[in-house]
Each structure stands twice: as C-alpha cells, then as structure tokens.
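Asker: Chains as they are written, first to last, in my numbering: chain A, 88 to 385; chain B, 5 to 618.
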Amino acid sequence: MSTQPPQHEHEESPADGVDDAESTPPAQQRREDAKADKRSRDAQRQAEADDAAKRDEPTRHIKVFRYDPEIEGKQEPRFDDFHVPFEKGMTVLDALIYARDQYDPSLTFRHSCRQAVCGSDAFFVNGDQRLGCKTQLSELDDPVRIEPLPHQEVVKDLVVDMDHFYEEMEAVDPYFDPDETPDGELEEQRQSRENREKVKMSTRCIWCGACFSSCNIAAGDNQYLGPAALNKAYRFAMDDREGESRKTERLETIEQEHGVWRCQTQFSCTNVCPKDIPLTEHIQELKREAVKKNLKFW
Amino acid sequence: MYEHDVIVVGAGGAGLRAAIAADEAGADVAIVSKLHPVRSHTGAAEGGINAALRDADSWEDHAYDTMKGSDYLGDAPAIETLCQDSPYEVIQLEHWGMAFSREEDGRVSQRPFGGLSFPRTTYAGAETGHQLLHTLYEQLVKRGIQVYDEWYVMNLAVTDEERPEDRHCHGVVAYDVQTSEVAGFKARDGVILATGGPGQAFDHTTNAVSCTGDGQAMAYRAGVPLEDMEFIQFHPTTLPSTGVLISEGVRGEGGILYNEEGERFMYERGYANNDGELASRDVVSRAELTEVNEGRGIEDEYVHLDMRHLGEDRIMDRLENILHLAEDFEGADGIEEPMPVKPGQHYAMGGIETDENGETCVGGLYAAGECACASVHGANRLGGNALPELIVLGKRAGYHAAGKEIEEAKVETGKRGEYETATIDSPVELGEGGSPGDAVADGGAVAAGGSADPDTLLEQTVESERQRVDELQSGEDGIHHSEVRSKVQETMTDHVNVFREEEGLKQALRDIREARDEYENVRVMDPSKTFNTDLLQTIETQNLLDLAEAITVGALARKEFRGAHWRAEAQERKDDEWLKHTLLSWNDGSPELWYRPVILEGENKTYEPKVRSY
Ligand SMILES: Cc1cc2nc3c(=O)[nH]c(=O)nc-3n(C[C@H](O)[C@H](O)[C@H](O)COP(=O)(O)OP(=O)(O)OC[C@H]3O[C@@H](n4cnc5c(N)ncnc54)[C@H](O)[C@@H]3O)c2cc1C
Ligand code: SF4
Ligand code: FES
C-alpha cells in the first residue's frame, strides 16, 4: 500500500473560492495565483523525485506504520511506503518530516529538539528502539521500517501513550529530598567530584522510553518499575548530598515486589539507551546496596 | 471549564520556575503546555548560567558586563534585578539537587564565558539546560503541581477595552492534542506566558520545531506590545542540515574556519585580523555569509570548521561531545574531515513587553523567559544570561501573579510614562492590512464585551476558538500551511538575517504580506480528531506570520548598527537617536510603532554608553 502520489486529492477539485473571499477580488486573485503556484510546484517536486529515481540519484525507501482509531482506512494498522530523496547527513526524523511535509500531512509523530535532548522521537526502527533524530539513514538498510515503540499503546501512527511510563518514573519519588539543607541562602552543599561523576550518567536520562519498551520484564509485568525509573532512583540514592536515612527509604522503594529483583540482566535497555546510560549496571548496583542494607539490619 | 488561581502557559525553565514560585506563595497553580515539561527546549542549553557567587566577584560587575553586552539597550533596573537575584536562584537549584560540575573543594564550578569580566558561568558538563529543566520538573512533581500536558494554548481570554492598559486577562483557551477538546482555563489571579522563543520564523535555527513564539503572538493580538523584536542573535557555527549548535569551544581550542578555496578567510580575507575565528558571533557569522554569497562557500551553502590538526587525543579529551554531535546529526567524522557549519538563528532578545516583575500592561497577564522582554539583554545577549533570566524572572512573575508582595517595578509598560510615536515605512499594508480577512481562521480579536464577566468572556473565547478549528478543518480546497511557512522562513533567512538592507527588508515585508494572504485560504489536510499535528502546526504558522512581520518592521525602522542588528545603510551605533526601545502594538490589526527611552539609571549609578569592544 502506498501514499506515494504526492498530488493531494483536494488539488484535483475545482478551485472554488471560499466564503468571503469573493468580496475581495484582489486578495482572491493572489490566492488563486498562489494555488496555481503550489500546483505547479507540487508537480515539479513529483517530477524531480521521478527524475532523481530515473537518474539513479539516491532516494531512500521508508515504510511507516499507520493507524488512526477514527479515520476510515486507518483503523486497521497498515504500512505506508514513502520514497524520500537522500542527502548526506539525513536522519530517520528528517525522512519522516520530508514525507509528512511533501506527501502526507496526516503522518503523525512526536518530535521537537532534533538533537537528542527532548526524548520525543523514540521509534522502533528496523527492529530496534532508536531516536529518529539521532539515527543516520546511511546506517540502515532499505526499506527502513519505522514503527511505534513496542509494548506501548498506539495513539496514532508513531505516537504512543506515554502515561504508563511517566507513572513509573513518578513512582520512585523522582526528586532531590535531602535529610537537611544548609541554613544560609547562599550556602551551597558540597559534593565531591567523584560523587558527581558517580551520578553523572544517571542524570542524562531524557525520558524517551526506549529502554522501557525494549524490556521483556516490563512487557510481562505491568507494575515493574522498569529501567528508567530504577535509574532515576539510582540517581538520588547514590547522591551523597541526600543523606543516609533518605537513601534507606529509597532502597526500600526499589526493593519492593516490582522493583530491582525483577531485572534479569538481559541488557536490552542498556543496548538501546540513546544516552549510553549503563542501566543494567545501575540496577545491579542498587541490588548490591539493598543487600548491604538488609545485612546491616539483620 | 477548568479553574485555578494561576495558569502558567509553558513548561520550560521559565514556566516551571514560575509555577513553583506561585505554589510557594500559596496559590492553586497549574501548567498548560503543548509539550510534556521535559521535552521543552530549555533542555538543549549547553553552556551555563551566570551568577556572581564568589567574593572576588559582584552583582555590580555582572550588571556592568550585561549592560555593555546589551550595547546599552538593556534597562538598568531589569539588569540589576537579574544580577542581584541570580546567585540566590542558582544556589536554590543546587539545593534542589541540580548536578552542577564541581571544584576540587566540592563547590559549584564556574568558567569564563565571552563578554564576562569574571569566570562566573556555573554549568553542569555540556548539558546545563537539561540538568536545569529536569531539576525543576522534579520539584514540580514533589509539590504535586498539576500539569495539563499536550494541551495547546490557542488564545487568551482578554477583555476588549479601547486601551490595552485597561484590559484584563481572565484565562486561556486550549486544545487537547489527544482528544481535540477545546476548553477554557480560568485564572482567578493571573496568567503567565512562558512559551519560549520564535526561532522557527527562520528556516535555519538552533531552536526546536516547537519554538514558534505562540505566547508572543497571542499577547500581541491581545494588545500587549512586542519590544525590540529586531534583535535576533545568530550563531556562526551550526550544522547545515539540522541547525544543531557546535559550541564556541571548538574555536576556543583552536578550530579553524576555511572556505571552499581552502583559505583561512577570517584572516586571509581580513574580517578579523586580530581575533580571527575568535571574533564575536556576529562578526564571524557575517564573514561566513559573505564567503558563501561571493561564491566561496562549499556547495554554495556553508564553510568548513576544521579541528583535525588538534589531534585525536586532544579532541577526545576536550571536545568529545562535538564529535558525537557532528557524527549523529551531520554524518561527519570530525577526526577525519572538517565539519560543515553555517550561521543559524539562535536567540531572540526581544519579546512581550514586561517590567522586571514579569507583568505586562494588560492586567493579570505576565510573561517570563525567552518569550518576554524585560529587557535584560537589550541588543545582544551574553552567553549564559538566558538561563538566569528564566529562574529569576520566572520566579518573580510566579510570586507576583500569586499575589505575594514584591518590590514595585521601575520599568514602565504600555503607553504610560515617556514614549514617542512613529510611523512605519512599509511598502505593503501590515497586520490584517485592511483586507477583511476571516477573523475566525485568523484567530482574530476576541469578540467579547469589555464589561463581560470572566466566565462569559471565557465561554465566548472557547466558542470562537472552536469555530476556528472547524473552519481550518472544513472546506474542500486550500493551501497547506507548510507552503506558507516555508515562504516566511525563506524570506526571513534571505533578508532579515545577519545582513539587513532597506530594499531586502521591504521585500521581506512584501513576501510576508503575500504569505498572510495565502494563509487566509489555508486548510488542515488531516481530518483526524486524534493527535492532529497538522492542525497545530497550521495555527503555529499563523503566529510565525505575526512575529516575522514584527521582527522585520523593527529591523526596517532601526537605522543603526547596534548589538546583533546590522544595517547596510548605517554601520554605526547612533546613541543620539536610538537609545530607545522599539515597540510594536497590534492596534486591532493595523500595527503601530512607537518608542520608549532606555533606562540607564541603576540603583547606585548611571551606565554611560561606551564603545562595545572586547
Ligand atoms: C542550542 C541552545 C543552547 C543554549 N545555550 C544556552 C546557555 O548555555 N546558557 C544560557 O543562558 N542560555 C542558552 N540558550 C538559551 C536558553 O536555553 C533559552 O532561551 C531558554 O531555555 C528558553 O526557555 P523558556 O522557558 O523561555 O522556553 P522553552 O524552554 O522553549 O519552553 C517553552 C515552553 O512553552 C510551551 N509552549 C509553547 N507554546 C505553547 C502553546 N501554544 N501552548 C502551550 N504551551 C506552549 C512548550 O511546550 C514549552 O514547554 C541556548 C539556547 C539554545 C537553542
Ligand atoms: S534511560 Fe535511556 S533509554 Fe531509558 S528513558 Fe532514559 S534516555 Fe531513554
Ligand atoms: S527530536 Fe528531540 S530527541 Fe529526537
């Protein structure tokens, strides 16, 4: 199935002026011109794409998952094919933007920063969880299959419901909460470089959900906190500024039934994390800390 | 209808800080944001946050540097507030657990930054904005502050008295992206806009696709003037295909710029014989564009930034993150080849006119962060001065909106105090330009009675926004917003870039006029009521039209060279004539230009304009 013809349907319909446009002929004329202009540009674009294909200039083939619960023809999930002219440096996100802006404006996906900091565009690309903006097309084989993150409910096309992920993140008291704060308004808490280094990688999480989606355990146990939330807990539990009593509470939280002990060290989360956070290692370390604490109490 | 004491629009650094402050002051506050908070573009900031923390430093020095950097177009009371409060706000972030880089003794690290007389830039690795954003969001979660995320604010509910200074804002109307519900959010005490910058008015920018200046356009149409919009900072080293920023660090470490002929043009073509690659951002940007315009660019588009000679060890040690950026976003290997770079839009100094407490001239309406203009940056922002603005002015706006007592502002807003009116020398009609247009599709003025009670006003605004959505999605034929948007972005990049000359600016106004007329026939192609990004972008495009026009009008009016604004016809700063802010009022569809003198009188001294040389 293909949405390839870039000629939009509406363009075939006669250009009947809309509502009050008739009362302002010059403006309408401008609009008519603009439309004619656009038609010719669209045709030109199509011709260029065809030409490029003929001349054997590189185009890339992407296959994109489509679904919309209330649009006829999209209620049954399907894949649409788009052929996108390739330029050096082009990412999966660039290809999606091109397909949307040039071929099908209803193609829907989250994206914002285009530089791997906002965490909006984790997709399932040729079978891996990856950020669209951080994945060069040149690394991938054609056709590039782009699907929404597995194990999450699809809202539309590549957009998934993130609520469950957010709930897990928020279940670990994801905020700094020290036993005590300095009295002086301008007095900072000291933190050693080593300690800052220890939590550094864990603070890099951009909440993209790739790890969570890749995790078999999370897929099977709906209440499992998951790698990102456990990493968040690690970030605070290991921060010396918080103090021992808070640390103990944190370890109790992550030690519960759906916490660290569920992790079977499969490393899938670590492999997909676009920020290179050693998630499995962090979870293992939390396990060790929890054991140490328990030993103390027994 | 939803109802809270304070409604904050936007959840970047400014919005989050404002919400926390309003909460601390005892208000029932909620955030309405088109993105989930952690997706906000504050997360992209790398460099740092300026704060005079050390004994050898002082807020006075920070203020002096900022005023000088602003090329004497910042207002002293706003600048001094920023510099006085910044140390407290930075330490507050530290108390909230922000992972700052540390000194050997465990204190927060600071480093030198361009234009600063003391190394006062605090930072967290190369990801200061990310750390700041997440730290603030964590505190939001801790306080249980409500967030309506993926709700797009379409308009403000503002009464329609003749003078904007007599109007009042009672809330906002937003569109639920997941379900397409249009709902009113009543604000009993105040609305704070924290919607970020308008970078998407240009086709090449370091800003996110969400940076469409929505709050600025909404405030403008509600009667709040836009201030100093012509001042746009361009960054000389951004990756050509995405606009991702390659920091000054590369040139600081010895990176060299080459043109297509392999010339080290900063020296060989005489752009900066002393400083070379390390000349100020605007000088380097203009040099690069001159090379490209004169046919010495690579692929007629960019120049090369080469760091290969630094050697792999030094690169890995000091510039590793740059290697990843070039590889991930441009497919270039900085160890093996030079990296392509070109200038890109980076930051908007101007914005919604506010005082140093974030208040606008419309009652109950506030603005903070990049969308606002207090004005602390004047004609040019110093690196590391935007993030402090978010937390300092965000907090003050939050307090003020929640009714907490703070000092009275010294900066005037609206047509009060001293100001002078002016005429605009435009080749085409501006704003709604006399064409009757379609007020609904345009999101035009709210048709509410000036005396309407808040509930009725909100209901009426909701109704008109519902109609606007229906209108945009109905009809058979129409132009797609992306055509209109590209037209605006292209003309802005061609004519309102680092080079600005009279005829080009006029051409931009003609193109924007044409784009406005086309927009009247815009149509959303996606009929869906679920996550309709086509609809949202169509509305954003309308906002960009207003902002592009405002930027260009300011650029055309200001016949001098000050800070980031360069004019071919007048290549010097003219203090006799131009020590004043540009203000543009929507004026019910026929934009009106006026000026207000800059305030150079500070708390204890008057800042004397000096030549801005470094
Ligand atoms: C690459 C880069 C590097 C930078 N580095 C530095 C630095 O080192 N130091 C420094 O001081 N400054 C830096 N800056 C500048 C600084 O980061 C920004 O000015 C600042 O983060 C803007 O924050 P904000 O809160 O105003 O807006 P944003 O963070 O952009 O947030 C805007 C918010 O408004 C919401 N929003 C927008 N429109 C709507 C709407 N219609 N309805 C509902 N919600 C809406 C969005 O969802 C978002 O939550 C940098 C900027 C860039 C781009
Ligand atoms: S840990 Fe990594 S993969 Fe998981 S949400 Fe955070 S950034 Fe994404
Ligand atoms: S677009 Fe922000 S992470 Fe990819």
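Backbone N, C-alpha and C define an ideal beta-carbon position, used for all residues, glycine too.
All values derive from a computational prediction rather than experimental measurement.
1) Along the beta strand (DSSP E) that carries cysteine 173/B, what are the first and last residues, could you check?
2) Is serine 155/A close to chain B? Criterion is C-beta to C-beta, closer than 8 angstroms.
3) Within a Cβ cutoff of 6 angstroms, which residues of the same chain sit near glycine 606/B, ignoring the five residues on either side of it in sequence?
4) List the residues of chain A that alanine 643/B touches, going by C-beta distances under 8 angstroms, in chain order.
5) Just mark arginine 600/B as buried or exposed, buried being the case when its beta carbon has 16 or more other beta carbons within 10 Å.
6) For the alpha helix (DSSP H) holding valine 500/B, just list the boundary residues, first then last.
7) Residues of the stretch 82-100 of chain B in Cβ contact with chain A at a cutoff of 7 angstroms, in chain order, please.
8) Taking all protein chains shown into account, decide if proline 164/A is buried (16 or more other Cβ within 10 angstroms of its Cβ) or exposed.
9) Any C-beta of chain A sitting closer than 8 angstroms to the C-beta of alanine 67/B?
10) Are the Cβ atoms of arginine 504/B and tryptophan 570/B separated by less than 8 angstroms?
11) Note down, in chain order, every chain B residue with its Cβ under 7 angstroms from the Cβ of tyrosine 262/A.
12) So glutamate 257/A and valine 228/B are supposed to be a Cβ contact under 8 angstroms. How far apart are they, rounded?
13) Determine the extent of the alpha helix (DSSP H) in which alanine 283/B is found, giving its start and end residues.
14) Under the three-state reduction of DSSP, which class applies to proline 112/A: helix, strand or coil?
15) Where does threonine 425/B land, buried or exposed, given buried means 16+ other C-beta within 10 angstroms?
16) Grouping DSSP H, G and I as helix and E and B as strand, with all else coil, what is isoleucine 304/A?
17) Pull up the distance between the alpha-carbon of alanine 186/A and that of valine 347/A, whole angstroms please.
18) Going along chain B, which residues have a C-beta under 9 angstroms from methionine 177/A?
19) Comparing C-alpha positions only, which one of Asp89/B, Ala49/B, Gly421/B and Leu513/B sits nearest to isoleucine 428/B?
20) Just verifying my parser: in three-state terms, what is the DSSP assignment at glycine 606/B?
21) Applying the 10 Å Cβ sphere with the 16-neighbour rule, what's the burial state of aspartate 515/B?
22) CB-CB under 8 angstroms to proline 123/B, same chain, minus the five flanking residues each way: which ones, in chain order?
23) Give the straight-line distance between the Cα atoms of glutamate 64/B and proline 392/B, rounded to the nearest whole angstrom.
24) In terms of alpha-carbon separation, which member of Phe166/A, Ser207/A, Tyr190/A and Ile149/A lies closest to alanine 297/A?
25) Would you identify the three-state DSSP class for valine 179/A, choosing helix, strand or coil?
26) Assuming methionine 256/A is part of the alpha helix (DSSP H), what are its boundary residues?
27) Give every residue of the same chain whose Cβ lies closer than 7 angstroms to the Cβ of aspartate 103/A, excluding the five residues on either side of it in the sequence, and list them in chain order.
28) Beta carbon of isoleucine 293/A: closer than 7 angstroms to some heavy atom of ligand 2?
29) So which residues of chain B does aspartate 433/A contact, with C-beta pairs closer than 7 angstroms?
30) Inspect the beta-carbon positions of proline 240/B and proline 347/B and report whether they are closer than 8 angstroms.
31) Can you give me, in chain order, the residues of the stretch 36-68 of chain B that have a beta carbon less than 8 angstroms from any beta carbon in chain A?
32) By the 10 Å Cβ neighbour count, where 16 or more other Cβ atoms means buried, how is serine 289/B classified, buried or exposed?
33) List, from N- to C-terminal side, the alpha helix (DSSP H) runs of 4 residues or more that fit wholly inside the stretch 344-423 of chain B.
34) Enumerate in chain order the residues of its own chain whose CB-to-CB distance from glycine 78/B is below 7 angstroms, with the five nearest sequence positions on each side excluded.
35) Does leucine 314/B come out as helix, strand or coil in the three-state DSSP assignment?
36) Would glycine 367/B pass as a contact of leucine 230/B if the rule is Cβ separation under 8 angstroms?
Answerer: Looking at the coordinates:
1) 173-180
2) Reading off the sequence, residue 155/A comes out as aspartate, not serine. Yes, its Cβ sits closer than 8 angstroms to a Cβ of chain B.
3) Here the set comprises Ala80 and Glu84.
4) Limits of chain B in this structure are 5 at one end and 618 at the other, which puts residue 643/B out of reach.
5) buried
6) Unbroken run through valine 500/B: none, as it is neither H nor E.
7) Flagged, chain order: Pro91, Tyr92, Ile95, Glu98, His99 and Trp100.
8) Here proline 164/A is exposed. Its C-beta has fewer than 16 other C-beta atoms within 10 Å.
9) no
10) Yes, Cβ-Cβ distance for arginine 504/B and tryptophan 570/B is below 8 angstroms.
11) Among the residues of chain B, those whose CB is under 7 angstroms from the CB of tyrosine 262/A are Glu142, Gln143, Val145 and Lys146, following chain order.
12) Contact flag wrong, Cβ pair sits at about 36 angstroms.
13) Where alanine 283/B is concerned, there is no enclosing alpha helix (DSSP H), given that its DSSP letter is neither H nor E.
14) Only weak support is given to the placement of proline 112/A: the predicted model assigns it a pLDDT of 41, under 50, and the question is left unresolved by the model.
15) exposed
16) helix
17) Taking the straight line joining both Cα atoms gives about 42 angstroms.
18) Ser245 and Gly335
19) If we check each option's Cα against that of isoleucine 428/B, Leu513/B comes out closest.
20) coil
21) buried
22) Gln114, Arg115, Pro116 and Phe117
23) 15 angstroms
24) Ser207/A
25) In the structure shown, valine 179/A sits in a helix (DSSP, three-state: H, G or I).
26) 250-257
27) Note on aspartate 103/A: pLDDT 31, under 50, position unreliable in the model; no value is reported.
28) Yes, since a heavy atom of ligand 2 falls inside the 7 angstroms radius drawn around the Cβ of isoleucine 293/A.
29) Here chain A covers residues 88 to 385 and nothing more, so residue 433/A does not appear.
30) Taking 8 angstroms as the Cβ cut-off, proline 240/B and proline 347/B qualify as a contacting pair.
31) Leu39, His40, Val42, Arg43, Ser44, His45, Gly47, Ala48 and Leu57
32) buried
33) The qualifying runs are 390-405.
34) Thr70, Met71, Ser379, Val380, His381 and Gly382
35) helix
36) Here glycine 367/B is not near leucine 230/B, since their CB atoms are 8 angstroms or more apart.
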